[in-house]
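K.L.:
Mind looking over this structure? Questions follow.
Numbering (this note's numbering), first residue to last: 252 to 459.
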């Protein structure tokens, strides 16, 4: 099992409730982020922005998986299945964004500038590190790979926000249309890597 004994039952219940609260906050924020990013990406023709929005949907799915896991009286019995579901969501994101990014490069698709997308990337750079740190601390205290993997997804969003911001700013300021597609490929590569780690249960909790 991936969930270890972390203390009295009351502590585990408290940590379990905290994990659910953080997952709920992640779901709420990422729902808004997904709608804004995909809408702005569709308007501007930005592959990276749409990919970022799809990553937000993956994070919504991840948060819902954690909520599903900890609704069970023995959440450790759902640990492996939760990790596999999170991994599959990463793989789906990586495949789609890779395809769209390559198609944009081959077709020399030139996205329009997206001030909304730039603002969204900046907001995520401010919000996501704080949420990720809380999720990962809670997951390690619980000894849960799945909760830490959910926090890793949130941390991934921080990195992707920086990549997205760079791509959007380069496209808007110097007209490097390919920067958007390259940003999309970076998003896909990182998502694939995190999917592999989640599937194997690696790199999440040193005590598990």
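Ideal placement from N, C-alpha and C gives every residue a C-beta, glycine not left out.
Please classify residue 389 as buried or exposed, where buried requires at least 16 other C-beta atoms within 10 Å of its C-beta.
P.N.:
Residue 389 comes out buried.
K.L.:
To the nearest angstrom, report how far apart residue 451 and residue 426 are at their CA atoms.
P.N.:
Rounded to whole angstroms, residue 451 to residue 426 spans 41 Å at the Cα level.
K.L.:
From residue 322 to residue 384, what distance separates their C-alpha atoms?
P.N.:
When rounded, the distance between both Cα atoms is 23 Å.
K.L.:
Rounded to the nearest angstrom, what separates residue 433 and residue 299 at their Cα positions?
P.N.:
Using only the alpha carbons, I get a separation of about 8 Å.
K.L.:
Which runs of the alpha helix (DSSP H) at least 4 residues long sit entirely within the region 348-402? Give them in chain order.
P.N.:
For the region 348-402, whole alpha helix (DSSP H) runs of length 4 or above, ordered along the chain, are 366-393.
K.L.:
With a threshold of 16 other CB atoms inside 10 Å of the CB of residue 362, please say whether the residue is buried or exposed.
P.N.:
Flag for residue 362 reads buried.
K.L.:
Restricting to Cα atoms, I'd like to know which of 396, 307, 449 is closest to residue 410.
P.N.:
Residue 410 has its Cα closest to that of 307, out of 396, 307, 449.
K.L.:
Please go through the same chain and pick out, in chain order, the residues whose beta-carbon is closer than 8 Å to the beta-carbon of residue 471, but skip the five residues on each side of it.
P.N.:
The structure shown does not extend to residue 471, since the chain spans only 252 to 459, so no value can be given for it.
K.L.:
Please report how far the alpha carbon of residue 431 lies from the alpha carbon of residue 445, in whole angstroms.
P.N.:
Cα to Cα, residue 431 sits roughly 21 Å from residue 445.
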